[in-house]
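Asker: Residues are numbered in the numbering used here as their position in the sequence shown, beginning at 1, plus a constant of 2. Here a beta-carbon is modelled for each residue, glycine too, at the ideal position from N, C-alpha and C. Note that the structure is a prediction, hence the values are computed from the model and not measured.
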Amino acid sequence: MTETTELERRASAFAADGGRENWDGAASSGHLVTGELDLSHNVILYLDDITVSFDGFRALNKLSLTIDAGELRCIIGPNGAGKTTMMDVITGKTRPDEGKAFFGQTIDLTRMTEPQIAHAGIGRKFQKPTIFEKHTAFENLELAMKADKRVRRSLFASLFDDERDRIAEVLKQIRLDKDADRSAGLLSHGQKQWLEIGMLLMQEPRLLLLDEPVAGMTDDETERTAELFVSLAGKHSLVVVEHDMAFVEALGGKVTVLCEGSVLAEGDLATVQADPRVIEVYLGR
Ligand SMILES: Nc1ncnc2c1ncn2[C@@H]1O[C@H](COP(=O)(O)OP(=O)(O)OP(=O)(O)O)[C@@H](O)[C@H]1O
Ligand SMILES: [Mg+2]
3 MTETTELERR ASAFAADGGR ENWDGAASSG HLVTGELDLS HNVILYLDDI
53 TVSFDGFRAL NKLSLTIDAG ELRCIIGPNG AGKTTMMDVI TGKTRPDEGK
103 AFFGQTIDLT RMTEPQIAHA GIGRKFQKPT IFEKHTAFEN LELAMKADKR
153 VRRSLFASLF DDERDRIAEV LKQIRLDKDA DRSAGLLSHG QKQWLEIGML
203 LMQEPRLLLL DEPVAGMTDD ETERTAELFV SLAGKHSLVV VEHDMAFVEA
253 LGGKVTVLCE GSVLAEGDLA TVQADPRVIE VYLGR
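1. Which residues mark the beginning and the end of the beta strand (DSSP E) in which residue 369 is found?
2. Using a Cβ-Cβ cutoff of less than 6 Å, which residues in the same chain neighbour residue 100 once the five nearest sequence positions on both sides are dropped?
3. Between the C-alpha atoms of residue 280 and residue 98, what's the straight-line distance to the nearest angstrom?
4. Taking 7 Å as the line, does the beta carbon of residue 115 fall inside it for any heavy atom of ligand 1?
5. Between residue 182 and residue 133, how many whole angstroms is the CB-CB distance? I'm expecting something under 8 Å.
6. With distance defined between alpha-carbon atoms, name the residue in 122, 175, 92, 105 nearest to residue 235.
7. Would you identify the three-state DSSP class for residue 25, choosing helix, strand or coil?
8. Within the stretch 39-124, note down every full alpha helix (DSSP H) run reaching 4 residues or more, in order along the chain.
9. Anyone know if the C-beta pair for residue 239 and residue 46 falls short of 8 Å?
10. Take residue 278 and list the residues in its own chain whose beta-carbon comes closer than 6 Å to its own, dropping the five residues that flank it on each side.
11. Report back the beta-carbon spacing between residue 246 and residue 216 to the nearest angstrom; my notes put them in contact at under 8 Å.
12. Helix, strand or coil for residue 189? Go by DSSP, reduced to three states.
13. Among 195, 184, 68, 144, whose alpha-carbon lies nearest the alpha-carbon of residue 171?
14. Considering only their Cβ atoms, is the gap separating residue 94 from residue 73 smaller than 8 Å?
15. Taking the alpha-carbon of residue 305 as reference, which of 228, 43, 88 has the nearest alpha-carbon?
16. CB residue 124 to CB residue 105, shorter than 8 Å?
17. Would you say the beta carbon of residue 93 comes nearer than 7 Å to a heavy atom of ligand 2?
18. For residue 184 and residue 121, I'd like the C-alpha separation in whole angstroms.
19. Is residue 86 near ligand 2, judged by its Cβ being under 7 Å from some heavy atom?
20. What number of angstroms, rounded off, separates the C-alpha of residue 55 from the C-alpha of residue 260?
21. Roughly how many whole angstroms lie between the Cα atoms of residue 147 and residue 192?
22. Report buried or exposed for residue 140, applying the criterion of at least 16 other Cβ atoms within 10 angstroms of its Cβ.
23. Here's a check: name, in chain order, each residue in its chain whose Cβ is nearer than 6 Å to the Cβ of residue 272, leaving out the five neighbours to either side.
24. How would you write the range of the beta strand (DSSP E) that residue 289 sits in, first residue to last?
25. In the structure shown, what three-state DSSP assignment does residue 138 receive?
26. By Cβ distance, which residues of its chain are closer than 8 Å to residue 213, with the 5 residues on each side in sequence left out?
27. By DSSP's criteria, residue 264 is part of a beta bridge. Which residues make up the other side?
28. Can we count residue 83 as close to ligand 1, meaning its CB is less than 7 Å from some heavy atom?
29. Measuring alpha carbon to alpha carbon, tell me which residue in 204, 103, 276, 166 is nearest residue 50.
30. Let me check understanding here. Comparing Cα to Cα, which of 44, 218, 229, 209 lies closest to residue 107?
31. Straight-line CA distance for residue 249 to residue 42?
Shown next, in the form of structure tokens:
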């Protein structure tokens, strides 16, 4: 066996799921935390009776929520309802005082660090894009490639065809294929947001959390973003927090209304929009 093929063999063994867990788990904490994502009950995210208090104020108050595998869920609700705090709990940024948070059947999110949760397959998009402005759109996606692939690549210095194909596929999904070689800093606000979503997609997340993704976008960009999210559902599960009702309508999924840290109503948009309690606290403002 030549040296190159041996390296390749080791690299691809290392890139296989089990190897990846071992590598990162061992490097970061000395033990394994995440197992395989178990979707046997078709549930990707399960929150049960989550409470988060800040100096006695309950930002989340016995919040319970279930997201199905492949679902596209919208979360709406007044300012301060706890929407962002909920995402903080799911991603490990905030520890709940009480309650359960499971990714699939078996992965206990309340026992994991933020990097472990990201690695387990939960991607989060923050409002302000964190792209590399001086790099091209293509390079941004290349940089966002999963760490295991980056190591694999450092052994060979150049991109594999499958990696190049994956970047091309994501560029197309986020409608930046014609802008692949432009510096990210020169893209429009909406395109920068898409690029950041593309960077998340390079990590192949199973669950994507998107907090007010269309804030500041033009109407046209907002429509394109809705199409993108609808196309991602199924393969990925998405939880989208938004105040823009036209966007929520375009997504067409189930809607959960949060208020004062718990679920006030849930159903299709028309149903929750007709709910007098929802009108009182949110839509009727
Ligand atoms: N780190 C913190 N310390 C103290 N209070 C906090 C903290 N984070 C959030 N809160 C409070 O918790 C409540 C819920 O905030 P959160 O940001 O989750 O609301 P939201 O639903 O995302 O609102 P918006 O629609 O304005 O983004 C608010 O009253 C907020 O002030
Ligand atoms: Mg918020």
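Answerer: Inspection of the coordinates gives the following:
1. One cannot answer for residue 369 here, as it falls past the ends of the chain, which runs 3 to 287.
2. For this step, residue 100 is matched to residue 98 along the sequence shown. Once the five neighbours on either side are set aside, the close Cβ partners of residue 100 are 53.
3. Taking the sequence shown and counting its residues from 1, the one referred to as residue 280 is at position 278. Taking the sequence shown and counting its residues from 1, the one referred to as residue 98 is at position 96. Cα to Cα, residue 280 sits roughly 26 Å from residue 98.
4. In the sequence shown, counting from the first residue as 1, residue 115 sits at position 113. Not under cutoff, so the answer is no.
5. On the sequence shown, position 180 is the one that residue 182 refers to. On the sequence shown, position 131 is the one that residue 133 refers to. About 14 Å separates the CB atoms of residue 182 and residue 133; that is not less than 8 Å, and the two are not in contact.
6. Taking the first residue of the sequence shown as 1, we reach residue 235 at position 233. Checking every option, the nearest Cα to that of residue 235 belongs to 175.
7. Residue numbering aside, residue 25 sits at position 23 when the sequence shown is read from its first letter. Unreliable placement is indicated for residue 25, whose pLDDT of 33 sits below 50; the coordinate value is still reported in the next sentence. Helix at residue 25.
8. Complete alpha helix (DSSP H) runs here, min 4: 85-92, 116-122.
9. Translated into positions along the sequence shown, residue 239 becomes position 237. Translated into positions along the sequence shown, residue 46 becomes position 44. The answer is yes: Cβ separation under 8 Å.
10. Locating residue 278 in the sequence shown gives position 276, where the first residue counts as 1. Within its own chain, no residue has a Cβ closer than 6 Å to the Cβ of residue 278 once the five positions on either side in sequence are excluded.
11. Mapped onto the sequence shown, residue 246 falls at position 244. Mapped onto the sequence shown, residue 216 falls at position 214. Approximately 6 Å separates the beta-carbon atoms of residue 246 and residue 216; this is inside 8 Å, confirming the contact.
12. Position 187 of the sequence shown, counted from the start, is the residue given in the question as residue 189. Secondary structure at residue 189: coil, using DSSP grouped into helix, strand and coil.
13. Locating residue 171 in the sequence shown gives position 169, counting from the first residue. Just measuring C-alpha positions, the residue of 195, 184, 68, 144 sitting nearest residue 171 is 144.
14. On the sequence shown, position 71 is the one that residue 73 refers to. On the sequence shown, position 92 is the one that residue 94 refers to. Cβ distance not < 8 Å, so residue 73 and residue 94 don't count as in contact.
15. The structure shown does not extend to residue 305, since the chain spans only 3 to 287, so no value can be given for it.
16. Along the sequence shown, one-based indexing puts residue 124 at 122. Along the sequence shown, one-based indexing puts residue 105 at 103. Yes, these two residues count as a Cβ contact at 8 Å.
17. As a first step, residue 93 must be located in the sequence shown, where it is residue number 91. Residue 93 has its Cβ no nearer than 7 Å to any heavy atom of ligand 2.
18. Numbered from 1 along the sequence shown, position 182 holds the residue referred to as residue 184. Numbered from 1 along the sequence shown, position 119 holds the residue referred to as residue 121. One C-alpha to the other measures close to 29 Å.
19. The sequence position of residue 86 within the sequence shown is 84, counting from 1. Yes, the beta carbon of residue 86 sits closer than 7 Å to at least one heavy atom of ligand 2.
20. For the purposes of this step, residue 55 is taken as residue 53 along the sequence shown, with counting starting at 1. For the purposes of this step, residue 260 is taken as residue 258 along the sequence shown, with counting starting at 1. In this structure, the alpha-carbon of residue 55 lies about 16 Å from that of residue 260.
21. Numbered from 1 along the sequence shown, position 145 holds the residue referred to as residue 147. Numbered from 1 along the sequence shown, position 190 holds the residue referred to as residue 192. C-alpha separation (whole angstroms): 22 Å.
22. Counting from one through the sequence shown, the residue named residue 140 turns up at place 138. Classification for residue 140: buried.
23. For this step, residue 272 is matched to residue 270 along the sequence shown. Within the same chain, no Cβ atom closer than 6 Å to the Cβ of residue 272 is found once the five residues on either side in sequence are excluded.
24. Examination of residue 289 is not possible in this model, given that the chain is present from 3 through 287 alone.
25. For the purposes of this step, residue 138 is taken as residue 136 along the sequence shown, with counting starting at 1. In the structure shown, residue 138 sits in a strand (DSSP, three-state: E or B).
26. Residue mapping note: residue 213 aligns to position 211 of the sequence shown, counting from 1. Result list for residue 213: 85, 86, 89, 126, 127, 128, 129, 243, in chain order.
27. Position 262 of the sequence shown, counted from the start, is the residue given in the question as residue 264. BP columns for residue 264 point to 261.
28. Taking the sequence shown and counting its residues from 1, one reaches residue 83 at position 81. Yes, ligand 1 has a heavy atom inside 7 Å of this Cβ.
29. If you number the sequence shown from 1, residue 50 lands on position 48. Here the closest residue by C-alpha is 103.
30. In the sequence shown, the residue the question calls residue 107 occupies position 105. The candidate whose alpha carbon is nearest that of residue 107 is 44.
31. Here residue 249 corresponds to residue number 247 of the sequence shown, with the count starting at 1. Here residue 42 corresponds to residue number 40 of the sequence shown, with the count starting at 1. Between residue 249 and residue 42, the C-alpha separation is close to 31 Å.
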